[in-house]
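> Dropping a structure here in structure tokens format, bear with me for questions.
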Amino acid sequence: MSHGSIIKIPFGPQHPALKEPENFLFEVDGETVVDVKPRLGYNHRGMEKAFELKTYIQNIYLAERICGICSHAHTTCYTQAIERLLGVEPPPRARYIRVIIAELERIHSHALWIGLAAHEIGFDTLFMYVWRDRETVLDMFEMISGNRIHYAMNTIGGARRDIHADMAPKIVKGLDFLEKRLEYYLDIVQTEQTILKRTADVGILRPKDAVDLCAVGPTLRASGIENDVRSDDPYVAYDEIPFNVVTHDGCDVLSRILVRCEETLESVKIIRYALDSMPNGTIRVRVPMKVPQGEVVSRVEAPRGELIHYAKSNGTTKPERYKVRSPTLANIPALCKMLQGGYVADIPIVLAGIDPCFSCMDRMAFVDTKKNRKWVWTMQQLRRKYAKE
Amino acid sequence: MEKENEIVEKLKSFLEENLVNVIIPRKRRIFVHIKRDALRETIEYLMKDLKFKHLSTITGVDLGERIEVIYHLSHEGSIMLSAKLTVSKKNPNISTITDVIPGAVLYEREVHDLLGVNFKGHPDLSPLMLPEKWPEGVYPLRKEHKLKHLRQITSEK
Amino acid sequence: MGLDYAAVKEEIRQRMTTETIISLMSILVFPGAMFLFALAFFYEWVDRKFFARLQNRYGPLHTGPHGILQPLADFLKLLSKEDITLHASDRLLFILAPIFYLALPLTTLFVIPILDPTSSIAFEGDLIFVLFTFTLVIITVFLAGWSSVSRFSTIGSVRAALQMLGYEIPMGLVVIGPAIAARSLSIRRVVEWQSLNFWMILLQPLGFIILTVCLLAELQFVPFDIPEAETEIVAGWRTEFSGRKLALLRLGKDLELVLASALIASLYLGGSQHFWLIPPIVIFLVKTTFAVMLLSLLRAVFARFRIDQVLSGMWKYLLPLATLQIILIQLGLGG
Amino acid sequence: MAFLKEALKQLFRRPATLKYPYEKLTVPKDFRGRPIWDIKKCIGCGLCPEVCPSRAIEMIGKGLEAEIKHYVDRCMFCGQCAEICPKNAIRMSEEYELSGFDRSKMIYEYKRDH
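Pasting the structure below:
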């Protein structure tokens, strides 16, 4: 049916639908997307080169600032890797604190995303409600760790702050309120007609494509494949905490929303269990400054999917090589597959479907210089195409 | 640990002399050194027979005059096998594996951008992360490029 | 050939009787332009405040009591901003479009009885005139988007034209309902008829619903704000306008909101009628404020449709319902 | 229309937003705001400038004569300096309103009173 000429529409790097700079060159025929070429690197801060120039202690805060929403996932993965190199085991209480903060961050990240997805399809009221309720999680973080976003709870050898007994009732009260609200949003997303019309059967990703393109996290689980690092390769204290992995087999944006909603409810249960069965004792172990020679692969289930850190140490106080692969980079090929064949109007919601966190993904080479994007297609091309419509 | 040993045995029987050495540091982690030209058949064997369906990522490490490329594959999400091979800086050529694992397309471009390893047969090795006017032959993650030198390049524009 | 100033002055002095001054003032100031501008700003304030309260936030607060001067402040700020005319754009159209976009709703509002049931310019068939100006507004929108060369505004203007195809016919059909009941195509008579019998909303509730939905689409409010979908095409057809032109566009949109709510109030809620002692203008203001709040409420509870869903939805559901409404009236059910 | 009931309910609830700067939220107990040095306790060991990830601390001189210059515009409030200080001379205050127009004014100096 491709009657007209193929039009190239650059989407980004400055665009209201994208909260972060990335650029997708869409080849569009009529109203359907034919091909997608990602062009990344606008938010690239040269972190892996920076890792090699800082000491292990300073790198905790560098790892934390790879991403604003999944900062705890990065620091857990980092400290876990360095503890493995040192051969040090964090005390049980510290491992439980890490699980609690990780699950609180999952609620905070998923709630942020549900609001953002509502905004992408023009539903600003739901966006306002979800972000208002998300404030309860941020207040909890501020109470526990002294900061709303970068909690800096992790250090090499355990946790920096303890979750005291007087905080637990406040957390449980906040969680009850959150659980009620999240159940309401889960119900709204399935009954509100206008949301269903914009998300059902949009951005399809078949299970076979999801596996071939190595998708991760909720994007993979929304295509019916049960794959979660917390249950497959348990780290921190997930082997002692019972929870079930949420999957849906709708393969579209709606099932991605449902997977994330139900995962937040699952997180609430995990936190309650962890708070009750938290062992007492110290929260930290002293560690030397120098890390012996070795290499390690550390994996964590970040809110967006499987996060890999590879560390190689050379016996000094600075790492030899530190590689970070964030979940969003793994989902980009799957995203390009989803966008093909869809409507131009659906690009924002499908793009938001994988919950892209581009500051996570662009962290290798250098801050980009100004980009002078030439006029991709001329005025005549445009008029001829639309005049034909 | 029996699952890991079983996998290592199968790999040894398949690769024989191509397998340089194997380390199992802890549960669910295997590090394997293989020869450079045994890459494709190892990846295919791992993918098809041993069900390592998911390629987590490809890491490049600068060892001075050689570059080490590590393929991290995971077996049903649990066991993580890292296949390592080294390539000399003078002719850093490896065959691509995007036809076996389509998901590797961005990882190979990333290693190509930052360490200069070119993957023969890759559909589109255009710069993924580097700015367009980046000078040829400067690969930021190589040890010989110090931060000061790289900062001059970006500030020149 | 020199103008004879004395004669001209004499002529003006002779013409300037009190009666012409009053009619001039009524055009320019009271129920005319100034009053309508003030009304436009007030309704934008009502809309923003009500919409904010629905979303559990305050809305404008600090400019004037409860932020009532915020729309005026935005207008003045925009006037002082830099006004860019793209050199690649179609200059004439680019400059004229905002002016038309403001003038059209303003002139149409004179047709609607505001001060008292007998509005200043009422003629048989002004209902058709109102429908015609709605179409003209969308054509101005299309030309505005098309003349500013950026691809976002072009896509926005094409979507605006497509959306008009959707809601134009159901709206035309439904607006004829009250005219048939009141046996006249003049809004003034419809208002007078309603003050004698029931309000039209009680007789033709279906018509009221369809008209509200179509006006939502005409105003490009959320379920139908596809031509200026913020997350898809930046600001749609308004992307390239700035400074004074954007100020005119925003004022034009506010006037369109006044026009839409005035239309709903006049056709279905009885318009400005005598209600024992209260002057008709207060009745009119109350009803139109209710209409604005209704539109704002609908704006808050929906997500945005896709353009193909809007067109198929309008043609598959709204059109049959509109014809059903007409059939009901013919059967004598609609008054 | 499932959302209508919820939306109308909000009309009668107090808005959740805050009239900042007229109303301000109270900050919890050990909030990580701007670090403050107690120069009397400081023994000039030089650990804090070394451990600071963003090099926001500069120490002039050594030992008991050392003076501290703290660049708040570079500080990211991680609290690592307060944690590493052997004499607990650094306390994370509750100040968070630190924005300004001039970066040179964002340097806090802690002098020794001779």
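Chains as they are written, first to last, in numbering that gives the first Met the number 0: chain B, 0 to 388; chain C, 0 to 156; chain R, 0 to 334; chain P, 0 to 113. Don't be surprised by glycine CBs; every beta carbon is placed ideally from N, CA and C. Quantities reported herein were computed from a predicted structural model and do not represent experimental measurements.
1. Look up B/M288 in the DSSP assignment and say whether it is helix, strand or coil.
2. Counting only C-beta atoms, is R/E231 closer than 7 Å to chain B at any point?
3. Pairing CB atoms from the stretch 60 to 78 of chain B with CB atoms from the stretch 255 to 267 of chain B, are three or more of them under 8 Å?
4. May I ask you to list the residues that DSSP assigns as paired with C/K119?
5. List, in chain order, every chain B residue whose beta-carbon is nearer than 7 Å to that of P/C77.
6. Under 9 Å, CB to CB, which of the residues in the stretch 79 to 103 of chain P have a partner in chain B?
7. In the DSSP assignment, find the alpha helix (DSSP H) that holds C/F30 and state where it starts and stops.
8. Name the chain C residues that come within less than 8 Å of B/E104, Cβ to Cβ?
9. Among R/D73, R/L78, R/V110, which residue has its Cα nearest to the Cα of R/A32?
10. Express the C-alpha separation of C/R65 and B/L61 in angstroms, rounding to a whole number.
11. Is there a Cβ of chain A sitting closer than 7 Å to that of C/K52, yes or no?
12. Counting only the same chain and skipping the five closest in sequence on each side, list residues whose C-beta sits under 7 Å from that of R/T322.
13. Write down the C-beta distance between B/P89 and B/G156 rounded to the nearest angstrom, noting that I regard them as a contact closer than 8 Å.
14. Does the stretch 96 to 112 of chain B come close enough to the stretch 138 to 158 of chain B to have 3 or more Cβ pairs within less than 8 Å?
15. Is there at least one Cβ from chain R nearer than 7 Å to P/P20's Cβ?
16. Rounded to whole angstroms, what is the Cα-Cα separation between P/E96 and P/E108?
17. According to DSSP, which residues form a beta bridge with R/F274?
18. So within the stretch 275 to 337 of chain B, which uninterrupted beta strand (DSSP E) runs reach at least 3 residues, ignoring any that extend past its ends?
19. Going by C-alpha distance, which of B/I353, B/P287, B/G293 is nearest B/V258?
20. Give every residue of the same chain whose Cβ lies closer than 6 Å to the Cβ of R/I232, excluding the five residues on either side of it in the sequence, and list them in chain order.
21. If you run the structure through DSSP and keep just helix, strand and coil, what is P/Y95?
22. Quick one: grab the DSSP three-state call for C/H74.
23. So what's B/M127 in DSSP terms, helix, strand or just coil?
24. What are the complete alpha helix (DSSP H) segments, minimum 4 residues, inside the stretch 213 to 282 of chain R?
25. For B/R283, tell me which candidate among B/R160, B/I143, B/S276, B/E26 has the shortest Cα-Cα distance.
26. For R/R298 and R/F220, which I take to be in contact (beta-carbon distance under 8 Å), what is that distance rounded to the nearest angstrom?
27. Taking Cβ positions, are C/L18 and C/I42 nearer each other than 7 Å?
28. Can you pull the chain P neighbours of R/R56, defined as C-beta to C-beta under 8 Å?
29. Would you mind telling me which residues of chain P sit closer than 8 Å to R/R52, beta carbon to beta carbon, in chain order?
30. Let's test the definition: count the other Cβ atoms within 10 Å of the Cβ of C/H53 and tell me whether it reaches 16, buried, or not, exposed.
31. Please decide whether B/D248 counts as near chain C, where near means a Cβ-Cβ distance under 7 Å.
32. Using beta-carbon positions only, say whether B/M166 and B/A158 come within less than 7 Å of one another.
33. So with CB distances below 9 Å, who are the chain P contacts of R/V45?
34. The beta strand (DSSP E) spanning C/G59 covers which residue range?
35. To which residues does DSSP link B/G157 through a beta bridge?
36. Do you know how far the Cα of C/L84 is from the Cα of C/I96?
Answer, in terms of the structure:
1. Sequence index remark: in the first sequence, residue 288 of chain B carries index 289 (1-based). In this structure, B/M288 counts as coil in the three-state DSSP scheme.
2. Against the third sequence, residue 231 of chain R aligns to sequence position 232. Yes - at least one Cβ of chain B is within 7 Å of the one on R/E231.
3. no
4. Working through the second sequence from its first residue, we reach residue 119 of chain C at position 120. Partner(s): C/S94.
5. Here residue 77 of chain P corresponds to residue number 78 of the fourth sequence, with the count starting at 1. Per Cβ cutoff of 7 Å: Y60, A151.
6. Q79, E82, I83, M91
7. As a first step, residue 30 of chain C is located in the second sequence; it is residue number 31 there, counting from the start. Run containing C/F30: none in the alpha helix (DSSP H); it sits in the beta strand (DSSP E), 28 to 33.
8. What you label residue 104 of chain B is simply residue 105 of the first sequence in a count that begins at 1. Going along chain C, no residue has its Cβ under 8 Å from B/E104, so there is no contact; the nearest lies around 21 Å.
9. As a working note, residue 32 of chain R is residue 33 in the third sequence. When each option's Cα is compared against that of R/A32, the closest is R/V110.
10. Locating residue 61 of chain B in the first sequence gives position 62, counting from the first residue. Locating residue 65 of chain C in the second sequence gives position 66, counting from the first residue. If you take the alpha carbons of B/L61 and C/R65, they lie about 28 Å apart.
11. Going by chain labels, chain A is absent from the structure shown, which instead holds the protein chains B, C, R and P.
12. To locate residue 322 of chain R, count along the third sequence from 1; it is residue 323. Cβ neighbours of R/T322 beyond the five flanking positions: L172.
13. As a working note, residue 89 of chain B is residue 90 in the first sequence. As a working note, residue 156 of chain B is residue 157 in the first sequence. 6 Å between Cβ atoms; contact.
14. yes
15. Translated into positions along the fourth sequence, residue 20 of chain P becomes position 21. So no, P/P20 is outside the interface.
16. Translated into positions along the fourth sequence, residue 96 of chain P becomes position 97. Translated into positions along the fourth sequence, residue 108 of chain P becomes position 109. Rounded to whole angstroms, P/E96 to P/E108 spans 18 Å at the Cα level.
17. Along the third sequence, one-based indexing puts residue 274 of chain R at 275. BP columns for R/F274 point to R/I277.
18. 293 to 301, 304 to 312, 318 to 324
19. Here residue 258 of chain B refers to the residue found at position 259 when the first sequence is read from its first residue. Per the Cα distances, B/I353.
20. Sequence index remark: in the third sequence, residue 232 of chain R carries index 233 (1-based). Closer than 6 Å at the Cβ level, and outside the excluded window around R/I232, lie F151, I154, G155.
21. Translated into positions along the fourth sequence, residue 95 of chain P becomes position 96. It is coil, neither helix nor strand.
22. For the purposes of this step, residue 74 of chain C is taken as residue 75 along the second sequence, with counting starting at 1. C/H74: strand per DSSP, three-state reduction.
23. One-based indexing of the first sequence puts residue 127 of chain B at position 128. Here B/M127 sits in helix by DSSP.
24. 242 to 267
25. In the first sequence, residue 283 of chain B corresponds to position 284, counting from 1. If we check each option's Cα against that of B/R283, B/R160 comes out closest.
26. Numbered from its first residue, the third sequence carries residue 298 of chain R at position 299. Numbered from its first residue, the third sequence carries residue 220 of chain R at position 221. Sure, about 5 Å apart at Cβ, within 8 Å.
27. Taking the second sequence and counting its residues from 1, the one referred to as residue 18 of chain C is at position 19. Taking the second sequence and counting its residues from 1, the one referred to as residue 42 of chain C is at position 43. It is not a contact, given that the beta carbons lie outside the stated cut-off.
28. Along the third sequence, one-based indexing puts residue 56 of chain R at 57. The contacting residues are P14, A15, T16.
29. Within the third sequence, residue 52 of chain R is the residue found at index 53, counting from 1. What R/R52 touches in chain P: Q9, L10, P14.
30. The sequence position of residue 53 of chain C within the second sequence is 54, counting from 1. So C/H53 counts as buried.
31. By one-based count along the first sequence, residue 248 of chain B stands at place 249. With 7 Å as the cut-off, B/D248 does not count as an interface residue toward chain C.
32. In the first sequence, residue 166 of chain B corresponds to position 167, counting from 1. In the first sequence, residue 158 of chain B corresponds to position 159, counting from 1. For B/M166 and B/A158, no; Cβs fall outside 7 Å.
33. Along the third sequence, one-based indexing puts residue 45 of chain R at 46. Within 9 Å Cβ-Cβ: nothing; R/V45 doesn't reach chain P, min ~14 Å.
34. As a working note, residue 59 of chain C is residue 60 in the second sequence. Here the beta strand (DSSP E) through C/G59 covers 53 to 61.
35. Taking the first sequence and counting its residues from 1, one reaches residue 157 of chain B at position 158. Note: B/G157 sits in a beta bridge opposite B/T154, B/R283.
36. Residue numbering aside, residue 96 of chain C sits at position 97 when the second sequence is read from its first letter. Residue numbering aside, residue 84 of chain C sits at position 85 when the second sequence is read from its first letter. Answer to the nearest angstrom: the Cα atoms are 14 Å apart.
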